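Trainee:
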Amino acid sequence: MIEQVHKHIISELERNTRTDVVFIISAVLINLITLAVNSSLAGESRIRGSYVAVMIIFVALTIVVTIVVLVGLLKGKQTRSKLICGLLQMYKDENVDGYYDSSLLQNYNTRYNLFILVVVFTGAVSILVPFIIR
17 MIEQVHKHII
27 SELERNTRTD
37 VVFIISAVLI
47 NLITLAVNSS
57 LAGESRIRGS
67 YVAVMIIFVA
77 LTIVVTIVVL
87 VGLLKGKQTR
97 SKLICGLLQM
107 YKDENVDGYY
117 DSSLLQNYNT
127 RYNLFILVVV
137 FTGAVSILVP
147 FIIR
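Note that the numbering used here has the sequence shown beginning at 17, numbered continuously upward.
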(Lines of atoms letter the chains of each structure in order from A and count residues from 1; the text may use other names and numbers.)
(Lines give C-alpha, C1' and ligand atoms only; values in the text may rest on other atoms or scores of the structure.)
Protein backbone atom coordinates (compact mmCIF):
# COMPACT_ATOMS: atom_id res chain seq x y z
CA MET A 1 0.00 0.00 0.00
CA ILE A 2 2.87 2.40 0.82
CA GLU A 3 4.30 1.89 -2.68
CA GLN A 4 0.99 2.87 -4.26
CA VAL A 5 0.72 5.98 -2.09
CA HIS A 6 4.31 6.84 -2.98
CA LYS A 7 3.61 6.42 -6.70
CA HIS A 8 0.48 8.55 -6.38
CA ILE A 9 2.37 11.38 -4.64
CA ILE A 10 5.16 11.26 -7.23
CA SER A 11 2.54 11.31 -10.01
CA GLU A 12 0.89 14.36 -8.43
CA LEU A 13 4.28 16.10 -8.21
CA GLU A 14 4.91 15.41 -11.90
CA ARG A 15 1.45 16.70 -12.84
CA ASN A 16 2.06 19.78 -10.70
CA THR A 17 5.32 20.44 -12.54
CA ARG A 18 3.74 20.09 -15.98
CA THR A 19 0.93 22.47 -15.02
CA ASP A 20 3.39 25.04 -13.72
CA VAL A 21 5.42 24.85 -16.93
CA VAL A 22 2.28 25.46 -19.00
CA PHE A 23 1.34 28.43 -16.82
CA ILE A 24 4.79 30.00 -17.03
CA ILE A 25 5.29 29.50 -20.77
CA SER A 26 1.77 30.75 -21.52
CA ALA A 27 2.22 33.89 -19.45
CA VAL A 28 5.61 34.76 -20.89
CA LEU A 29 4.43 34.14 -24.48
CA ILE A 30 1.32 36.27 -24.02
CA ASN A 31 3.41 38.99 -22.40
CA LEU A 32 5.87 38.96 -25.32
CA ILE A 33 3.02 38.99 -27.86
CA THR A 34 1.44 41.92 -26.04
CA LEU A 35 4.78 43.72 -26.05
CA ALA A 36 5.24 43.14 -29.79
CA VAL A 37 1.69 44.08 -30.80
CA ASN A 38 1.42 47.13 -28.59
CA SER A 39 4.91 48.33 -29.52
CA SER A 40 4.07 48.07 -33.22
CA LEU A 41 0.84 50.02 -32.67
CA ALA A 42 2.31 52.62 -30.32
CA GLY A 43 3.68 55.02 -32.93
CA GLU A 44 0.48 55.18 -34.96
CA SER A 45 -1.81 55.23 -31.94
CA ARG A 46 -1.62 59.03 -31.75
CA ILE A 47 -3.16 59.25 -35.22
CA ARG A 48 -5.62 56.36 -35.07
CA GLY A 49 -7.62 56.18 -31.87
CA SER A 50 -8.67 52.61 -32.56
CA TYR A 51 -5.08 51.52 -32.00
CA VAL A 52 -5.28 52.75 -28.42
CA ALA A 53 -8.37 50.60 -27.91
CA VAL A 54 -6.48 47.56 -29.23
CA MET A 55 -3.57 48.36 -26.94
CA ILE A 56 -5.89 48.59 -23.94
CA ILE A 57 -7.45 45.23 -24.82
CA PHE A 58 -4.00 43.63 -24.89
CA VAL A 59 -3.14 45.26 -21.56
CA ALA A 60 -6.34 43.80 -20.07
CA LEU A 61 -5.40 40.39 -21.49
CA THR A 62 -1.93 40.63 -19.94
CA ILE A 63 -3.35 41.61 -16.55
CA VAL A 64 -5.92 38.79 -16.51
CA VAL A 65 -3.42 36.17 -17.66
CA THR A 66 -0.85 37.36 -15.11
CA ILE A 67 -3.39 37.15 -12.27
CA VAL A 68 -4.51 33.67 -13.33
CA VAL A 69 -0.92 32.46 -13.61
CA LEU A 70 0.03 33.96 -10.24
CA VAL A 71 -2.88 32.24 -8.53
CA GLY A 72 -2.00 29.00 -10.32
CA LEU A 73 1.65 29.21 -9.31
CA LEU A 74 0.81 30.02 -5.70
CA LYS A 75 -1.56 27.05 -5.56
CA GLY A 76 1.10 24.90 -7.24
CA LYS A 77 3.61 26.02 -4.64
CA GLN A 78 1.21 25.08 -1.82
CA THR A 79 0.42 21.72 -3.42
CA ARG A 80 4.09 20.86 -3.95
CA SER A 81 4.87 21.79 -0.35
CA LYS A 82 2.09 19.56 1.00
CA LEU A 83 3.05 16.64 -1.23
CA ILE A 84 6.72 16.86 -0.31
CA CYS A 85 5.85 17.11 3.39
CA GLY A 86 3.80 13.95 2.95
CA LEU A 87 6.71 12.24 1.25
CA LEU A 88 9.08 13.34 4.00
CA GLN A 89 6.74 11.91 6.63
CA MET A 90 6.43 8.67 4.70
CA TYR A 91 10.21 8.45 4.37
CA LYS A 92 10.58 9.12 8.09
CA ASP A 93 8.04 6.42 8.94
CA GLU A 94 9.94 3.97 6.74
CA ASN A 95 13.32 5.04 8.20
CA VAL A 96 14.66 6.24 4.85
CA ASP A 97 14.38 9.97 5.49
CA GLY A 98 18.17 10.31 5.41
CA TYR A 99 18.05 9.91 1.64
CA TYR A 100 15.97 13.03 1.00
CA ASP A 101 17.26 16.40 2.04
CA SER A 102 14.38 18.40 3.50
CA SER A 103 16.08 21.65 2.49
CA LEU A 104 14.90 20.90 -1.06
CA LEU A 105 11.52 22.24 0.01
CA GLN A 106 13.05 25.70 0.48
CA ASN A 107 14.73 25.42 -2.91
CA TYR A 108 11.35 24.73 -4.53
CA ASN A 109 9.87 27.74 -2.76
CA THR A 110 12.68 29.94 -4.05
CA ARG A 111 12.19 28.61 -7.56
CA TYR A 112 8.46 29.41 -7.42
CA ASN A 113 9.24 32.93 -6.23
CA LEU A 114 11.61 33.39 -9.18
CA PHE A 115 8.98 32.13 -11.63
CA ILE A 116 6.47 34.57 -10.17
CA LEU A 117 9.00 37.39 -10.55
CA VAL A 118 9.57 36.51 -14.22
CA VAL A 119 5.84 36.46 -14.96
CA VAL A 120 5.18 39.76 -13.17
CA PHE A 121 8.23 41.50 -14.63
CA THR A 122 7.57 40.44 -18.24
CA GLY A 123 3.94 41.48 -17.76
CA ALA A 124 4.96 44.89 -16.45
CA VAL A 125 7.43 45.39 -19.31
CA SER A 126 4.84 44.36 -21.90
CA ILE A 127 2.43 46.95 -20.51
CA LEU A 128 4.81 49.85 -19.86
CA VAL A 129 7.20 49.85 -22.83
CA PRO A 130 4.58 50.46 -25.58
CA PHE A 131 3.11 53.38 -23.65
CA ILE A 132 6.59 54.85 -23.12
CA ILE A 133 7.24 54.52 -26.87
CA ARG A 134 3.92 56.21 -27.60
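Ideal Cβ positions, reconstructed from N, Cα and C, are used throughout, including at glycine.
The model shown is predicted, which means the values in this text are computed figures rather than measured ones.
By Cβ distance below 7 angstroms, which residues in the same chain neighbour ASN47 in space, the five residues on each side in sequence not counted?
Mentor: THR78, THR138, GLY139, SER142
Trainee: Put ILE149 into one of helix, strand or coil per three-state DSSP.
Mentor: helix
Trainee: Under the rule that 16 or more other beta-carbon atoms within 10 Å means buried, what is GLY114, buried or exposed?
Mentor: exposed
Trainee: Please report the straight-line C-alpha distance between MET71 and ARG64, rounded to a whole angstrom.
Mentor: Answer to the nearest angstrom: the Cα atoms are 12 angstroms apart.
Trainee: Taking Cβ to Cβ, would you say VAL85 is nearer than 7 angstroms to ALA52?
Mentor: no
Trainee: Grouping DSSP H, G and I as helix and E and B as strand, with all else coil, what is GLU110?
Mentor: coil
Trainee: Leaving aside the five residues before and after ILE132 along the sequence, list all residues of the same chain whose C-beta is less than 8 angstroms from its C-beta, in chain order.
Mentor: LEU86, LEU89, LEU90
Trainee: Helix, strand or coil for ASP117? Go by DSSP, reduced to three states.
Mentor: coil
Trainee: Starting from SER55, trace the alpha helix (DSSP H) in both directions and tell me its first and last residue.
Mentor: The continuous alpha helix (DSSP H) containing SER55 extends over residues 18–58.
Trainee: Since I believe ILE25 is in contact with LEU99 (beta carbons under 8 angstroms), could you give me their beta-carbon distance rounded to a whole number of angstroms?
Mentor: Contact flag correct, Cβ pair sits at about 5 angstroms.
Trainee: Can you name, in chain order, every residue of its own chain whose Cβ lies under 8 angstroms from the Cβ of CYS101, other than the five neighbours on each side?
Mentor: LEU121
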